[in-house]
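A.B. asks: My questions will all concern the structure given below.
In the working numbering, the protein residues as written are 1195 to 1260.
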């Protein structure tokens, strides 16, 4: 959810192109790092969920054979 929201924020700011008041840096520059961070956290979570699921499944099948 947060990953999609952060990408939506970046896309919205790419359309509007607001800039910071002091240095005139586009907000897209700073907010793209937020979107990238949420994307990487999502990949990390999916990876660990899959590892846990397959370890649980392997441990369950080994217990049934005995």
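Heads up, the beta-carbon is just placed ideally off N, CA and C, and yes, glycines get one too.
Bear in mind that the values here come from a model prediction, so they are computed numbers and not experimental data.
(1) Given that a residue counts as buried once 16 or more other Cβ atoms are within 10 Å of its Cβ, and exposed if not, what is residue 1240?
(2) List the endpoints of the continuous alpha helix (DSSP H) containing residue 1208.
(3) Quick one: grab the DSSP three-state call for residue 1213.
(4) If we count the other Cβ atoms within 10 Å of its Cβ and call it buried at 16 or more, is residue 1255 buried or exposed?
(5) Using the C-alpha atoms, what's the distance from residue 1213 back to residue 1230?
C.D. replies: Let's see:
(1) As a first step, residue 1240 is located in the chain shown; it is residue number 46 there, counting from the start. It is exposed - the Cβ of residue 1240 has fewer than 16 other Cβ atoms within 10 Å.
(2) As a first step, residue 1208 is located in the chain shown; it is residue number 14 there, counting from the start. Looking at the DSSP string, the run of the alpha helix (DSSP H) that includes residue 1208 is 1196-1210.
(3) For the purposes of this step, residue 1213 is identified with residue 19 of the chain shown, where counting begins at 1. Correct three-state label for residue 1213: strand.
(4) Your numbering for residue 1255 matches position 61 in the chain shown. Burial call: exposed.
(5) Indexing the chain shown from 1 puts residue 1230 at position 36. Indexing the chain shown from 1 puts residue 1213 at position 19. Distance between the alpha carbons of residue 1230 and residue 1213: 20 Å.
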